[in-house]
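Numbering-wise (our numbering), the sequence shown opens with residue 182 and increments by one.
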Amino acid sequence: FSSLVNNVIGEAKYSKTTGNRVSYKGHQVLRIHPMTPSQVDELREMRETETEDIKFWTEPSGNRTTDIVVAPDIIDDVKDFFRQKKIEYKVLLPDLQKTIAYQNPKMSKEQRDDLVTNQGHSMTWRRYQRFSEIMKYLEYLEMRYPNLIEVETIGHSYEGQPLRVVKVSTGKNEKTGESKPIVWIDAGMHAREWISTAVATYILNELTEKNSTYSKLLDTIDWMILPVSNPDGYEYSHVSDRLWRKTRSSYSDESDSSSRYTPAGLLHLVTHYTKWFWGKCEGVDPNRNFDYHWGQDKIRNGASTDPCHETYEGPQAFSEPETKAMADYIMSNRNNIKLYLTLHSYNQMWLVPWGHTHTKPSDYSDLIRAAKKAAKSIHKVYGTSYKVGSSADLLYPTTGASDDWAKGKAGIKYSYTVELRDRGAYGFLLPATQIIPTSREIWAGIRTIARIVTTDI
Ligand code: ARG
Ligand code: ZN
182 FSSLVNNVIG
192 EAKYSKTTGN
202 RVSYKGHQVL
212 RIHPMTPSQV
222 DELREMRETE
232 TEDIKFWTEP
242 SGNRTTDIVV
252 APDIIDDVKD
262 FFRQKKIEYK
272 VLLPDLQKTI
282 AYQNPKMSKE
292 QRDDLVTNQG
302 HSMTWRRYQR
312 FSEIMKYLEY
322 LEMRYPNLIE
332 VETIGHSYEG
342 QPLRVVKVST
352 GKNEKTGESK
362 PIVWIDAGMH
372 AREWISTAVA
382 TYILNELTEK
392 NSTYSKLLDT
402 IDWMILPVSN
412 PDGYEYSHVS
422 DRLWRKTRSS
432 YSDESDSSSR
442 YTPAGLLHLV
452 THYTKWFWGK
462 CEGVDPNRNF
472 DYHWGQDKIR
482 NGASTDPCHE
492 TYEGPQAFSE
502 PETKAMADYI
512 MSNRNNIKLY
522 LTLHSYNQMW
532 LVPWGHTHTK
542 PSDYSDLIRA
552 AKKAAKSIHK
562 VYGTSYKVGS
572 SADLLYPTTG
582 ASDDWAKGKA
592 GIKYSYTVEL
602 RDRGAYGFLL
612 PATQIIPTSR
622 EIWAGIRTIA
632 RIVTTDI
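As structure tokens, this is what we get:
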């Protein structure tokens, strides 16, 4: 594989940027099916030397397929390489830019005005929304439902955008006079996973517009929902690069170049030297930046020390203002939070800790039992299947993820990562027409698990 990459870097291609916006014209998504350990190793080697021309959507692993995005100029070489190595693959998306264009149809001014007339706000779940639209919706909720909704700004992003948690609460428990158990939901940690944010706002809409339907749920549970936990990345994925994953911080000025001298960093020098040399890579993977086993037990492919990599863990744990603010806020509410949910995409999985090790927590079976009931409720709605299991087993081991931190450090017993639709037909580019069905089924699952974990204690 290195020889393939060496042929390519000579020409240093960053030409996919047209103006400010990255185009994925002619890029293909391939689904690779490694059959032998050595084929998995080939993929891992590719993964470690990640270049602009090949991006991984899912991590290489022995028991599942891996989806990669390949740039048009090397697509034939990459396919030849797989054929030569007898690695099976198929084309999932033949032209990524077309899928991007199809995903989120524009809304006319008239349609927007109609929304405001009909419902009092311009939020819709028929398309994916920009950050400012979502913030306006939160303000609307607070105004419209003053006895139910409180919006709290828990901190600010690297670029200064507010991190807003919506608290949905009818007040203290009327019988006991005590505060209620809290269900926490965050979304949008990974910028390109738009469906997660859309689901979070859908849930807010349900809890407010249909508060009488959900009166029992609201009588017994308080909700804390953070719909956009990575605002800078979210906006960047709307205006510049649809496939952006990380935050938008930059540590290049501090010229902390220590990572350049790690083996992974040196390998990168060979394959990716321009960007590497100038340290021009932005962003940290927030879901590798939490202070739980961060930077320890380096597990292969789990979290990267290379700032240019998609899973860069950051210069230190909680280097990102976004993860720090979220963690501080959860910590100060840890005694009441009974369920921690972080929404991601894609894969249709309800993931149980641990993510950093294949070892299981001692209460693993409790978490699995509750998750299976949630998956059953999801399935009842449209027949969509969600797999249940540990992150390390079903995906791959990684350090510094929020679910592990919530359980291991904050002590929240029921902590899960939910990977929403789909299974790869569209991947991160799930069409807006699937927002409502995805939300409906997952909301059924969340209601089920919320009831279980707040009553069975
Ligand atoms: N796709 C998510 C990620 O890569 C999964 C995280 C699952 N949790 C974990 N602790 N590994 O961030
Ligand atoms: Zn994610």
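Glycine included, every Cβ here is placed at the ideal spot set by N, Cα and C.
Kindly indicate which three-state DSSP category residue i falls into: helix, strand or coil?
i, result
"Gln-342", "coil"
"Ile-281", "helix"
"Ile-249", "strand"
"Gln-220", "helix"
"Val-634", "helix"
"Leu-271", "Looking at the sequence provided, one finds Lys at residue 271 rather than Leu. In this structure, Lys-271 counts as strand in the three-state DSSP scheme."
"Ile-593", "coil"
"His-419", "helix"
"Glu-331", "strand"
"Ser-289", "coil"
"Leu-211", "strand"
"Val-297", "helix"
"Val-259", "helix"
"Val-465", "coil"
"Arg-621", "helix"
"Phe-237", "strand"
"Arg-228", "helix"
"Ser-242", "coil"
"Arg-202", "strand"
"Ser-485", "strand"
"Trp-586", "helix"
"Pro-412", "helix"
"Glu-320", "helix"
"Arg-628", "helix"
"Arg-264", "helix"
"Leu-575", "helix"
"Thr-428", "coil"
"Arg-307", "coil"
"Thr-613", "One detail in the question is off: residue 613 reads as Ala in this sequence, not Thr. Helix at Ala-613."
"Phe-471", "coil"
"Gly-581", "coil"
"Arg-325", "helix"
"Ser-360", "coil"
Sort out for me which residues DSSP pairs residue i with in a bridge.
i, result
"Ala-405", "Going by the sequence as given, residue 405 is Met instead of Ala. Beta-bridge pairing links Met-405 to Lys-348, Trp-365."
"Thr-598", "Thr-523, Leu-532"
"His-337", "Pro-343"
Could you compute how far the alpha carbon of residue i sits from the alpha carbon of residue j?
i, j, result
"Gly-483", "Pro-286", "35 Å"
"Arg-426", "Lys-361", "35 Å"
"Tyr-195", "Ser-572", "At Tyr-195 the pLDDT is 32, less than 50, meaning the model places this residue with poor confidence and gives no usable figure here."
"Asn-528", "Leu-601", "6 Å"
"Phe-471", "Arg-307", "33 Å"
"Asp-574", "Asn-517", "29 Å"
"Leu-424", "Ser-558", "31 Å"
"Pro-215", "Val-259", "15 Å"
"Ser-431", "Ser-418", "17 Å"
"Arg-373", "Asp-400", "35 Å"
"Ile-315", "Gln-497", "30 Å"
"Leu-344", "Phe-262", "45 Å"
"Leu-407", "Val-347", "6 Å"
"Ser-526", "Ile-330", "27 Å"
"Thr-239", "Leu-274", "15 Å"
"Pro-578", "Pro-534", "10 Å"
"His-337", "Gln-220", "43 Å"
"Val-332", "Tyr-415", "20 Å"
"Arg-464", "Tyr-493", "Correcting the residue identity first, residue 464 is Gly in this sequence and not Arg. Approximately 8 Å between the Cα atoms of the pair."
"Leu-321", "Asn-386", "The residue asked about is misnamed: residue 321 is Tyr in this sequence, not Leu. Computed Cα separation, rounded: 11 Å."
"His-486", "Gln-477", "One point to set straight first is that residue 486 is Thr, not His, in the sequence displayed. Spanning the two alpha carbons is a distance of roughly 11 Å."
"Tyr-521", "Arg-429", "25 Å"
"Thr-230", "His-490", "9 Å"
"Pro-502", "Arg-264", "45 Å"
"Asp-367", "Tyr-395", "20 Å"
"Gly-581", "His-537", "8 Å"
"Trp-531", "Gly-626", "10 Å"
"Trp-475", "Gly-243", "24 Å"
"Asn-187", "Lys-461", "Note that Asn-187 scores a pLDDT of 43, beneath 50, so its modelled location is shaky; the value from the coordinates is reported in the next line. Straight-line Cα distance between these residues: approximately 21 Å."
"Thr-523", "Leu-576", "16 Å"
Taking 8 Å as the cut-off, is the CB of residue i close to at least one heavy atom of the ligand GDP?
i, result
"Thr-598", "Absence of the ligand GDP is noted for the structure shown, with the ligand ARG and the ligand ZN being the only ligands found."
Is any beta-carbon of chain C found at less than 9 Å from that of residue i?
i, result
"Lys-353", "In the structure shown, chain C does not exist; there is a single protein chain."
* **Every unbroken beta strand (DSSP E) within the stretch 494 to 573, with a cutoff of 3 residues, ordered by chain** => 518 to 526, 530 to 533, 568 to 571
* Anything with a beta carbon under 7 Å from a heavy atom of the ligand ZN counts; list them all in chain order. => Met-370, His-371, Glu-374, Asn-468, His-525, Ser-526
* Which whole runs of the beta strand (DSSP E) in the stretch 371 to 404 are 3 residues long or more, in chain order? -> none
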